[in-house]
Amino acid sequence: MSTSKNYAGISDEFAQLEKSKIILIPVPYDGTSTWGKGADKGPEAFLEASENMELYDIETNSEVYKQGIHLTAAITENSSPEAMVKEVHKITKDFIKRNKFVTLFGGEHSISIGSIRAFNECFDNLTVLQIDAHADLRESYEGTKFNHACAVYEASQTTNLVQVGIRSMDVIEKTVMDEEKTFFAQDMIADEYWSDKVIETLTENVFITLDLDAFDPSIMPSTGTPEPGGLLWYETMEFLKQVFEDKNVVGFDIVELCPNKNDKSSDFLAAKLYYKMLSYKFAGQDVDKEYDNTFDIDYKANINSRFEDDED
Ligand SMILES: [Mn+2]
Numbered sequence: 001m002s003t004s005k006n007y008a009g010i011s012d013e014f015a016q017l018e019k020s021k022i023i024l025i026p027v028p029y030d031g032t033s034t035w036g037k038g039a040d041k042g043p044e045a046f047l048e049a050s051e052n053m054e055l056y057d058i059e060t061n062s063e064v065y066k067q068g069i070h071l072t073a074a075i076t077e078n079s080s081p082e083a084m085v086k087e088v089h090k091i092t093k094d095f096i097k098r099n100k101f102v103t104l105f106g107g108e109h110s111i112s113i114g115s116i117r118a119f120n121e122c123f124d125n126l127t128v129l130q131i132d133a134h135a136d137l138r139e140s141y142e143g144t145k146f147n148h149a150c151a152v153y154e155a156s157q158t159t160n161l162v163q164v165g166i167r168s169m170d171v172i173e174k175t176v177m178d179e180e181k182t183f184f185a186q187d188m189i190a191d192e193y194w195s196d197k198v199i200e201t202l203t204e205n206v207f208i209t210l211d212l213d214a215f216d217p218s219i220m221p222s223t224g225t226p227e228p229g230g231l232l233w234y235e236t237m238e239f240l241k242q243v244f245e246d247k248n249v250v251g252f253d254i255v256e257l258c259p260n261k262n263d264k265s266s267d268f269l270a271a272k273l274y275y276k277m278l279s280y281k282f283a284g285q286d287v288d289k290e291y292d293n294t295f296d297i298d299y300k301a302n303i304n305s306r307f308e309d310d311e312d
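Note that the UniProt record's numbering has the sequence shown beginning at 1, numbered continuously upward.
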């Protein structure tokens, strides 16, 4: 994929690394998907749709691209699932240390094992807010701990994991799942206060991992494993806005766009979703004000990786 272009066709002035508050890392990885293939094409379709999107957000009355959005080279390491995770971890952490608001676009959900590790090492008492149709809590699957079906197993052991929109899982995952922090789609539809209840389970620092199959296939068909009964657009925007307002969202990733060249609507949903999340994050913030991603370099300087065979 081409990475010489800027995100959304913004001018160089708003895309340079030094001046940009926001980092966008494409991870076109599709090494372990089990059914619908094509998440490796996700970042390219997302970027193409982004170029055809209005850059003024009506709701927040803002043009968040003016905060600066730097598109990095894509992470293409795919010699093994483990090698990919290590590379995502390393690059994500490097940009966090540079005081950036770091975002990633997948690729399949296994990329989040790397991004979550990086954020968990840089921010205290981290909540991982997973918005997803699937529990993704298997300790290993098809011979690897780095399968997309294992995307948040590690997070369940090392962070405050909160799962929203879940409607598909294996019975074995019940042994790992914390039902107090799991919001099943079937219960959410019958509870007008679900979003308030989710917010109550979050700590101050929140990383969002958003699997696009959380959305209903009627609005988001282009994903590897579509599941009926998913989230709709406005309820999701209202929820995300509330999370960004109430908590310190330290970064996010969006995964599992599996584009279909005959139906671009999903690519546009992903593009708009990404831009909405940035708009909520930076709503009301002066473009000229220096950004502080709240990573405390002095405090964290001596903390080594908590994960074995990590050469950070
Ligand atoms: Mn998932």
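By construction, the Cβ of each residue, glycine as well, lies at the ideal position given by its N, Cα and C atoms. These numbers were taken from a predicted model, which means no experiment stands behind them.
Taking a C-beta distance under 8 angstroms as the contact criterion, Phe282 and Val64 qualify as a contact pair.
Rounded to whole angstroms, the separation of the alpha carbons of Lys197 and Glu108 is 28 angstroms.
Look at Ala190: its beta carbon is at least 7 angstroms from all of the heavy atoms in ligand 1.
8 angstroms or more divides the Cβ of Ile208 from the Cβ of Phe239. Three or more Cβ pairs drawn from the region 9-22 and the region 69-82 lie within less than 8 angstroms of each other, which places the two stretches in contact.
Burial state of Glu44 is buried, judged by a 10 Å Cβ sphere holding 16 or more other Cβ atoms. Less than 8 angstroms divides the Cβ of Asp292 from the Cβ of Asn99.
In this structure, the alpha-carbon of Leu104 lies about 6 angstroms from that of Pro26. Nearest Cα to Ile96 within the set Leu210, Lys289, Val249, Lys276: Val249. Under the three-state reduction of DSSP output, His134 falls in the strand class.
In this structure, the C-beta of Asp136 approaches ligand 1 to less than 7 angstroms from one of its heavy atoms. Within the chosen limit of 7 angstroms, ligand 1 does not reach the beta carbon of Asp187 with any heavy atom. With respect to the 8 angstroms criterion, Ile189 and Ala155 are not classified as neighbours on the basis of their beta carbons. Within the same chain, Cβ atoms closer than 6 angstroms to the Cβ of Thr32 are found at Pro81, Ser110, Asn147, His148, the five residues on either side in sequence being excluded. In the DSSP assignment, Gly106 forms a beta bridge with Val27. One alpha carbon belongs to Gly9, the other to Lys66, and they sit about 12 angstroms apart. In this structure Glu227 is in contact with Ser168, their Cβ atoms being roughly 5 angstroms apart against a cut-off of 8 angstroms. Ranked by Cα distance from Gln186, the options Phe215, Leu257, Leu210, Gly230 are led by Gly230.
Assignment of beta strand (DSSP E) within the region 122-166, counting only whole runs of 3 or more residues, yields 127-131, 160-166 in chain order. In the assembly as shown, Met53 is an exposed residue. Its beta-carbon has fewer than 16 other beta-carbons within 10 Å. Ser62 sits in a strand when the DSSP states are folded into three classes.
Asp196: member of the alpha helix (DSSP H) spanning 194-200, first to last residue. Looking at the DSSP output, Gly251 sits in a beta bridge with Val102, Phe207. A residue is called buried once 16 or more other Cβ atoms fall within 10 Å of its Cβ, and Ile172, having fewer, is exposed.
Distances taken from the Cβ of His109 to the heavy atoms of ligand 1 include one shorter than 7 angstroms. With a cutoff of 8 angstroms on beta-carbon distance, Gly114 and Thr144 are scored as not near each other. Proximity to Ser50 across Lys86, Ala83, Lys272 peaks at Lys272, based on C-alpha coordinates.
For Phe46, the enclosing alpha helix (DSSP H) begins and ends at 42-51. Close CB contacts of Lys241 within its chain, under the 7 angstroms cut and outside five residues either way in sequence, are with Tyr280 (chain order).
Nearest Cα to Pro221 within the set Thr236, Leu269, Phe183: Leu269.
The alpha-carbon of Val176 is positioned some 27 angstroms away from that of Glu87. Relative to ligand 1, the nearest heavy atom lies less than 7 angstroms away from the CB of Ala151. In the structure shown, the three-state DSSP call for Asp263 is strand.
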